[in-house]
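So the sequences go chain by chain: F and S. Counting from 1, position 38 in the first sequence corresponds to residue 841 in my numbering; the numbering is continuous, with no gaps. Counting from 1, position 53 in the second sequence corresponds to residue 211 in my numbering; the numbering is continuous, with no gaps. We treat Cβ as the ideally placed atom computed from N, Cα and C, and that holds for glycine. Worksheet: one structure, shown below.
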Amino acid sequence: SQQGEEDPQALSIQEGENATMNCSYKTSINNLQWYRQNSGRGLVHLILIRSNEREKHSGRLRVTLDTSKKSSSLLITASRAADTASYFCATDAKAGGTSYGKLTFGQGTILTVHP
Amino acid sequence: NAGVTQTPKFQVLKTGQSMTLQCAQDMNHEYMSWYRQDPGMGLRLIHYSVGAGITDQGEVPNGYNVSRSTTEDFPLRLLSAAPSQTSVYFCASSYFQGYGYTFGSGTRLTVV
């Protein structure tokens with residue numbers, strides 16, 4: 804079974820609004836990552852947050868991580884039509900304190916931003 | 159251009175045929191992985207590697223083989239193609255733990 808589950812499965816907003824996507828996971832992690840995928844293309848890495856971090860910013864992106872609840876959220880502020888894409892969270896699981904290079908993805912949130 | 163290169167981009171196979179999907183990266187990344195993406199299923203990990211000579215199974219390894227003889231290359235072999243292997247396959251690489259992954263543009267495989 805997949806490590807991450809994302810909510811909502813689909814999100815439709817107007818340009819200029821904020822978009823929030825949530826991710827829950829099951830096991831201890833080294834870090835959690837967010838990716839974007841435009842239709843029919845490969846994934847693009849957006850941001851990585853380590854297990855000892857609680858919040859991270861990158862441009863219009865804000866990511867939070869709550870390891871006690873095993874959850875993360877991605878906030879995109881002042882969204883644009885070009886932000887229309889699928890967004891995936893991915894976890895780098897921890898096993899015995901080490902990473903095995905095994906990145907596991909959630910099923911993704913489809914974001915549509917209307918002009 | 160630096161990045162992850164996947165070939166071919168499209169492939170149609172007949173049931174029972176075998177083939178190799180190629181993946182190469184020129185960023186000196188240690189970690190490499192193969193995923194398949196099916197509608198509504200997100201990305202599922204097939205096999206992954208943390209360095210030359212080291213590979214391990216992911217979530218859906220059956221029907222696929224990998225090897226990692228060099229840091230740069232991580233080919234995925236389909237032993238006997240089945241219609242259930244119709245999917246889009248992505249290769250990805252990362253420098254090390256704590257770094258994001260760079261993805262290739264994918265191979266769209268159809269098995270008839």
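Reduced DSSP category for residue i - H, G, I as helix; E, B as strand; rest coil
i: serine 804 of chain F; result: Below a pLDDT of 50, predicted positions are generally treated as unreliable, and serine 804 of chain F, at 44, falls in that range; the measurement from the model is reported next regardless. In this structure, serine 804 of chain F counts as coil in the three-state DSSP scheme.
i: serine 245 of chain S; result: strand
i: aspartate 231 of chain S; result: strand
i: alanine 884 of chain F; result: helix
i: asparagine 833 of chain F; result: strand
i: valine 162 of chain S; result: strand
i: histidine 187 of chain S; result: coil
Exposure label - residue i; buried when at least 16 CB within 10 Å
i: serine 804 of chain F; result: Low confidence applies here, because serine 804 of chain F scores a pLDDT of 44, under 50, leaving its location unreliable and the question unanswered by this model.
i: arginine 839 of chain F; result: buried
i: threonine 165 of chain S; result: exposed
i: methionine 185 of chain S; result: exposed
i: phenylalanine 168 of chain S; result: exposed
i: glutamine 817 of chain F; result: exposed
i: isoleucine 212 of chain S; result: exposed
i: valine 269 of chain S; result: buried
i: serine 227 of chain S; result: exposed
i: threonine 830 of chain F; result: exposed
i: serine 252 of chain S; result: buried
Closer than 8 Å to chain S by CB, residue i
i: asparagine 855 of chain F; result: no
i: glycine 911 of chain F; result: yes
i: histidine 848 of chain F; result: yes
i: asparagine 821 of chain F; result: no
i: aspartate 886 of chain F; result: no
i: aspartate 895 of chain F; result: yes
i: threonine 870 of chain F; result: no
Amino acids of chain C, ordered along the chain, whose beta-carbon sits closer than 8 Å to that of residue i
i: asparagine 833 of chain F; result: Among the chains of the structure shown, chain C does not appear; the protein chains present are F and S.
Any C-beta of chain F under 8 Å from that of residue i
i: aspartate 231 of chain S; result: no
i: leucine 267 of chain S; result: no
i: phenylalanine 261 of chain S; result: yes
i: tyrosine 189 of chain S; result: yes
Partner residues on chain F for residue i, Cβ-Cβ distance less than 7 Å
i: valine 208 of chain S; result: Tyr903 and Gly904
Within chain F, partners of residue i - CB distance below 9 Å
i: phenylalanine 248 of chain S; result: Gly845 and Leu846
Closer than 9 Å at the beta carbon, the chain S residues around residue i
i: leucine 851 of chain F; result: Gly256, Tyr257 and Gly258
Partners in chain S for residue i, counting only beta-carbon separations shorter than 8 Å
i: threonine 830 of chain F; result: Those within 8 Å of threonine 830 of chain F in chain S number zero; the least Cβ separation is about 13 Å.
At least three beta-carbon pairs within less than 8 Å, the region 877-892 of chain F to the region 816-826 of chain F: yes
Contact between the region 850-866 of chain F and the region 806-813 of chain F (3+ Cβ pairs under 8 Å): no
Three-pair Cβ contact test at 8 Å for the region 220-230 of chain S versus the region 902-913 of chain F: no
At least three beta-carbon pairs within less than 8 Å, the region 174-189 of chain S to the region 845-854 of chain F: no
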